[in-house]
Amino acid sequence: MLCVDGVTGLEPAATLLRALASPVRLAVVRELAEGQRHVHELVASLGVSQPLVSQHLRVLRSAGLVVTRRHGREIAYLLADQHVAHIVLDAIAHSLEEPHEHPDAAQPAP
């Protein structure tokens with residue numbers, strides 16, 4: 019298990035989370051968790067423009083989260099590894115859960 023004292027060494031994790039900090043990029047990762055996709059497939063499934071998908075893919079590639087495979091004239095995009103898929107899918111699932119009050123949470127004053 020990775021043990022990091024204080025905030026030392028957490029910059030790579032912060033960089034990863036910044037790269038994911040967009041609903042479109044989260045949606046792209048969610049799609050790529052199912053397998054490789056071409057840009058036109060992402061455009062169709064996400065319902066956003068091709069330039070917007072390409073821009074977000076560029077951010078994900080720069081962060082090392084997405085890699086490419088050339089198939090003739092087309093480029094397929096896929097996740098560099100499944101860790102990113104787990105982070106994104108868990109974040110999406112967590113955000114859809116009903117809020118639960120923690121028993122130790124401070125109660126507002128009446």
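What the sequence shown shows, in the numbering used here, is residues 19 to 128, in sequence order.
Ideal placement from N, C-alpha and C gives every residue a C-beta, glycine not left out.
- DSSP, reduced to helix, strand and coil, places Arg88 within a strand of the structure shown.
- Ranked by how close their Cα comes to the Cα of Leu83, the residues Thr26, His89 and Ala39 have Ala39 in first place.
- Three or more Cβ pairs closer than 8 Å define a contact, and the region 108-115 falls short of that threshold against the region 71-89.
- Under the criterion of beta carbons closer than 8 Å, Ala98 and Val106 do not qualify as touching, at roughly 13 Å.
- Assignment of beta-bridge partners to Ile93 by DSSP yields Arg88.
- With 16 or more neighbouring CB atoms inside 10 Å of its own CB, Ala37 falls in the buried class.
- DSSP links Arg55 through a beta bridge to Tyr95.
- Contact between Ala103 and Ala51 holds: CB atoms are separated by about 4 Å, below the 8 Å threshold.
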